[in-house]
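**Q** Questions regarding the structure given below will be posed in turn.
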Amino acid sequence: MLNDDACLKCSLCIAACPIVRVDSAFSGPKALGPEWWRSAVADDLQETDPSVDDCTFCQLCEEACPAQVPVAHLIAQHKDRHRHHRSKVARLRDFALAHPHWIGRLPIGPDKVPRIFAKAVRLSGNADYPPKSPLSFSPRPSVPDIGLFVDCFNRDYGGETVQAAVWILHQLGYRVQLVPEEAHCCGAAAYASGRLKDAKDIASSTYDALKRTPVSTLLTLNATCDGTIRDEWPRYLGLNSPAAVIMPWTDWIVSHAPQQFWQRLSEKDRKVLVHTTCRGKVAQGEGSMEQLVALTSAMPVPLGIACCGAAGSYAFKAEHEDAAQALGKSAKAALDELDLVPEPESMLVDSGTCALHLHQYTDVPALHPALWLYKKLNPG
Numbered sequence: 090m091l092n093d094d095a096c097l098k099c100s101l102c103i104a105a106c107p108i109v110r111v112d113s114a115f116s117g118p119k120a121l122g123p124e125w126w127r128s129a130v131a132d133d134l135q136e137t138d139p140s141v142d143d144c145t146f147c148q149l150c151e152e153a154c155p156a157q158v159p160v161a162h163l164i165a166q167h168k169d170r171h172r173h174h175r176s177k178v179a180r181l182r183d184f185a186l187a188h189p190h191w192i193g194r195l196p197i198g199p200d201k202v203p204r205i206f207a208k209a210v211r212l213s214g215n216a217d218y219p220p221k222s223p224l225s226f227s228p229r230p231s232v233p234d235i236g237l238f239v240d241c242f243n244r245d246y247g248g249e250t251v252q253a254a255v256w257i258l259h260q261l262g263y264r265v266q267l268v269p270e271e272a273h274c275c276g277a278a279a280y281a282s283g284r285l286k287d288a289k290d291i292a293s294s295t296y297d298a299l300k301r302t303p304v305s306t307l308l309t310l311n312a313t314c315d316g317t318i319r320d321e322w323p324r325y326l327g328l329n330s331p332a333a334v335i336m337p338w339t340d341w342i343v344s345h346a347p348q349q350f351w352q353r354l355s356e357k358d359r360k361v362l363v364h365t366t367c368r369g370k371v372a373q374g375e376g377s378m379e380q381l382v383a384l385t386s387a388m389p390v391p392l393g394i395a396c397c398g399a400a401g402s403y404a405f406k407a408e409h410e411d412a413a414q415a416l417g418k419s420a421k422a423a424l425d426e427l428d429l430v431p432e433p434e435s436m437l438v439d440s441g442t443c444a445l446h447l448h449q450y451t452d453v454p455a456l457h458p459a460l461w462l463y464k465k466l467n468p469g
């Protein structure tokens with residue numbers, strides 16, 4: 090990695106870390122990342138810090154670092170070293186959660202798993218789990234204009250979001266190819282849990298699948314997948330980008346939808362909550378969802394939190410219940426502080442698991458921008 094040993098000890102990463110704020114036992118990104126890495130390399134340190142597993146891999150530490158140290162990715166290496174100290178049950182659970190595209194093939198959704206079984210495999214008893222909502226169609230135009238990356242969450246639990254995204258692109262006159270054709274994962278879940286070899290294997294399989302259906306533009310529906318495919322595949326996993334242009338669906342619509350499209354939407358005087366996820370902030374920065382809302386004549390209202398506590402499968406693990414709950418409650422506190430009148434009818438968010446978590450703690454329906462637009466264009 091570049092800049093591995095460039096840590097200035099400025100502690101800006103600690104100030105940016107959402108877990109430091111809610112867990113006093115967490116050693117923090119500086120200690121778990123660059124400081125541990127220096128000792129591991131220079132002194133062949135074999136010891137690990139058990140609190141490393143509490144890192145969400147949100148990468149806000151990397152965004153804050155003035156020396157561009159890949160703090161979160163050094164922590165992922167630390168996790169990889171530490172995972173052999175976990176219990177067999179935890180390792181089995183982590184292996185399963187690192188392959189979400191396999192879990193999606195099961196006949197029942199995670200929300201139907203008996204709580205007694207969930208407890209036995211160290212799954213959280215507090216988290217909301219997604220119900221099955223699989224993709225039920227697959228357009229295959231002979232010459233597609235655009236490829237839409239169907240991530241493992243939306244393929245199995247967000248079929249309505251995928252259909253909405255495709256419908257809007259069709260309305261704008263574009264031919265859409267869903268890729269990959271089979272269930273695959275970008276590798277982010279495995280990397281975040283420190284399973285680096287699994288992440289490389291999973292990402293390589295997905296890369297091969299994408300090569301079988303080449304497209305010039307690849308739109309994404311999940312901020313984590315977007316950043317992983319465009320930035321982390323070439324930088325950390327040694328894979329080339331699979332398309333000439335990779336960008337979030339939301340950014341593409343804001344840039345390409347004509348004025349006539351936005352004139353069909355009249356949301357004047359409405360206030361719409363917006364939460365850009367951690368990985369969305371790191372990958373593309375904030376602002377695209379706010380722009381989208383503003384183009385409908387509504388007023389975007391940022392929720393104003395760093396991390397909601399979902400962090401992919403982080404909130405599904407029993408040992409993270411307290412931290413995930415504390416961050417979820419901070420989202421509710423932020424909403425209460427906004428004191429919006431009337432109360433918002435929806436919140437836009439660019440991640441399915443974050444949407445679940447935010448809805449659980451705020452009671453505001455959290456939707457992907459594509460689904461929100463679709464519902465506005467097709468009322469009732």
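Quick note, in this note's numbering, the sequence shown goes up one by one and the last residue is 469.
Backbone N, C-alpha and C define an ideal beta-carbon position, used for all residues, glycine too.
In chain order, what residues of the same chain have a beta carbon less than 8 Å from the beta carbon of Ser435, not counting five sequence neighbours either side?
**A** Val361, Leu362, Val453, Pro454, Ala455, Leu456, Trp461
**Q** Are the segment 320-332 and the segment 290-301 in contact at 8 Å, needing three or more beta carbon pairs?
**A** yes
**Q** Taking the C-alpha atoms as reference points, what is the distance between Phe242 and Gly193?
**A** 8 Å
**Q** Between the alpha carbons of Cys154 and Ala413, how many angstroms are there, rounded?
**A** 24 Å
**Q** Less than 9 Å separating the beta-carbons of Ile197 and Cys150?
**A** No, these two residues do not count as a Cβ contact at 9 Å.
**Q** Use the C-beta contact count for Asp240: other C-beta atoms within 10 angstroms, 16 or more gives buried, fewer gives exposed.
**A** Around the beta carbon of Asp240, a 10 Å sphere encloses 16 or more other beta carbons of the protein chains shown; the residue is thus reported as buried.
**Q** How about His188 and Ala277: do their beta carbons lie closer than 9 Å?
**A** no
**Q** How about Leu437 and Pro468: are their beta carbons less than 9 Å apart?
**A** no
**Q** Which full runs of the alpha helix (DSSP H) of 4+ residues lie inside the segment 143-223, going along the chain?
**A** Listed in chain order, the complete alpha helix (DSSP H) runs (minimum 4 residues) inside the segment 143-223 are 149-153, 160-171, 177-186, 189-192, 204-209.
**Q** Using 9 Å as the threshold, is the C-beta distance between Ala407 and Arg204 below it?
**A** No, the pair does not count as a contact, with Cβ atoms beyond the cut-off.
**Q** So, for Leu429: in the same chain, excluding its five sequence neighbours on each side, which residues have a beta-carbon less than 7 Å away from its beta-carbon?
**A** Contacts found: Lys360, Val390.
**Q** Which residues bound the beta strand (DSSP E) around Ile235?
**A** 235-238 is the extent of the beta strand (DSSP E) around Ile235.
**Q** Pick out whichever of His364, Cys397, Pro123 has its Cα sitting closest to the Cα of Gly374.
**A** Cα-wise, what sits closest to Gly374 is His364.
**Q** Look at the alpha carbon of Thr317 and the alpha carbon of Gly401, and state the distance between them as a whole number of angstroms.
**A** 13 Å
**Q** Determine the DSSP secondary structure at Gln135, reduced to helix, strand or coil.
**A** coil
**Q** Go through its chain and collect everything with a Cβ distance to Thr366's Cβ below 6 Å, but skip five positions before and after it.
**A** Only Ala312, Asp439, Ser440, Cys443 meet the Cβ criterion.
**Q** If Leu427 sits next to Thr451, beta carbons under 8 Å apart, how far is it from one beta carbon to the other, in whole angstroms?
**A** With a Cβ gap of about 11 Å, Leu427 and Thr451 do not count as contacting.
**Q** Measuring only the C-alpha atoms, how far is Ser344 from Cys275?
**A** 25 Å
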